Amino acid sequence: SYGGYAGSYADGENITPTSPPIDLSGYDSAVLTFWTWYRIYSCDDFGYVQISTNGTAGPWTTLNDRISNHCTGPEPDDSPYAHYTSNSVDLPGDVNGWVKKTFDLSSYAGGGNSDVRIRFLFDRDNDPLDVRNGWWIDDVRITTKEIYDLPLDYATLMVRVIEAAVIDFTSGGTTEIEAGDLVTQPGGVYGRVIFDPIVRSGSWAGGNAAGMICLNRISSAPFTGGAINVAGKGNDLATAVSYKQRTNLIKAYLNSAATADTGGPYDNGYDQLRLANPRGTLEWPADEGQLTTSSNDFFTLLEWDIDINHSIPTIERLMDENGRYTIISSDDPDLFTPPDTYFPFDRPELGLFALGHGGIRAYFDDLGVQLYMTTGAGFLTPVQQ
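Count along the sequence shown starting at 1, add 28, and that's the number in our numbering.
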């Protein structure tokens, strides 16, 4: 939980709260997340997030640009008890509340990294007149992915393609926008939320959520910058910053014929603990906006490698709501469903390479297709031939 704000840090403060040993040797990826709020003096006081793979002896590597407002100008309230987050390079703007920070630690995972430490270094100068409230850190978490061989024999590979309209939003208030909501703007503008918005910073509880809302069943009139309303919930629940009428969002999943681990539990879409999917059956992962449960945990949601096809200029990896790179996004019009059923053979496309250790090739047959059919205004379901 988040504590209150009282008092100021001491003059000349220099402290380094440090984690206990963290063993990342058995993992091939790791992500550090935490919530933070800080109010520190301009120019002279700094905060750093640092990592060591050699215990407390270091050396220590700084993961972030320093936390301060870098002398960017007068603060809106320069009293020692003004409660807001100062401006920094990796967190621009003044944010009155807690924000979530995410750092990729994958380059520090695996190998002999059995004594990894995380520390938060706060460095204060020696001016007694310029102290502030300080730097708060809460809910520190490291999420890992175990190293294991993907089972290729009788495996099932599934690719989910969502062709959606996308609103980039800020200022999400305390009333959360959710899957199934009908979002609107004046002038008959509307769209149905496909799955819970991806929050990239801030939070709904803090009244400062910012991220991406994916829609289908959209109106012909586009969304514009300004207030976002939700039918039955209220007006001005968030602020639209930009709008793309068509964007491809792509996820990939894998499962196997046998139960991946007989120990369970089967309720996490990221791990290798999966229900069996024997030959002759056809199972699907949880729909977007639904939870993975013990009755539908047949697949592992894969994370995308950084080596994606950069010849497509608009393609990018996106983090999901849990800080994992499970989404590929592109608004390249060449990848959209055409207005008719004709697909020229020379049109651009995305390919998914399934390779094992040493470049082992994997082959798949027995195709199954699941369609989410839209009704009313919108666009065609994105099925390529």
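Cβ coordinates follow ideal geometry from the N, Cα and C atoms, glycine included.
Nothing here was measured: the structure is a model prediction, and the numbers come from that model.
Within its own chain, the residues whose Cβ lies closer than 7 Å to the Cβ of G216, once the five positions on either side in sequence are excluded, are S247 and A249, listed in chain order. Leaving aside the five residues that flank I222 on each side, the residues in its chain whose CB is nearer than 8 Å to its CB run, in chain order, I190, A192, A207, C242, L243, N244, E316 and G317. Excluding sequence positions up to five before and after F131, its CB lies within less than 6 Å of the CB of L60 and L91, all in the same chain and listed in chain order.
As summarised for the stretch 186–256, the continuous beta strand (DSSP E) elements at least 3 residues long and confined to that stretch are 210–213, 217–221, 226–229 and 237–244, given in chain order. Residue environment analysis places G54 among the exposed positions, since fewer than 16 neighbouring C-beta atoms fall within 10 angstroms of its C-beta.
As the crow flies, the alpha-carbon of P341 is around 38 Å from that of L303. The residue from D167, T354, I226 and G253 with its alpha-carbon nearest to that of G297 is T354. Relative to the Cα of W126, the nearest Cα in the group W164, R147 and S135 belongs to W164. L265: member of the beta strand (DSSP E) spanning G262 to N283, first to last residue. The criterion of a C-beta distance shorter than 8 Å is satisfied by T212 and A259. Of the candidates A233, F197, S134 and A238, S134 places its Cα closest to the Cα of T172.
If you check the CB distance, S199 and N236 come in under 8 Å.
Shown here for V269: same chain residues with a beta carbon closer than 7 Å to its own, the five before and five after excluded, namely D196, F197, T198 and G253 in chain order. Within the DSSP secondary-structure output, I165 pairs in a beta bridge with T64. L329 is positioned such that its CB atom lies closer than 8 Å to that of Y281. The bridge partners DSSP lists for V397 come to none. Within 10 angstroms of the beta-carbon of E349 lie fewer than 16 other beta-carbons, which makes it exposed. The three-state reading of DSSP puts Y55 in strand, counting E and B together.
The residue from L301, V168 and N82 with its alpha-carbon nearest to that of S142 is N82.
By the 16-neighbour rule on beta-carbons within 10 angstroms, T321 is exposed. When C-alpha distances from T64 are compared across A183, Y136, Q398 and G230, the shortest belongs to G230. S134 sits in a helix when the DSSP states are folded into three classes. Note on geometry: alpha-carbon atoms of M186 and D299 lie some 16 Å from one another. Burial of V194 is indicated by the presence of at least 16 other C-beta atoms within 10 angstroms of its C-beta.
Nearest Cα to L346 within the set T275, L301, W312 and N283: T275. About 7 Å separates the beta carbon of A233 from that of T202, a gap short enough to meet the 8 Å contact definition. Annotation: V168 to F62 spans about 4 Å, alpha carbon to alpha carbon.
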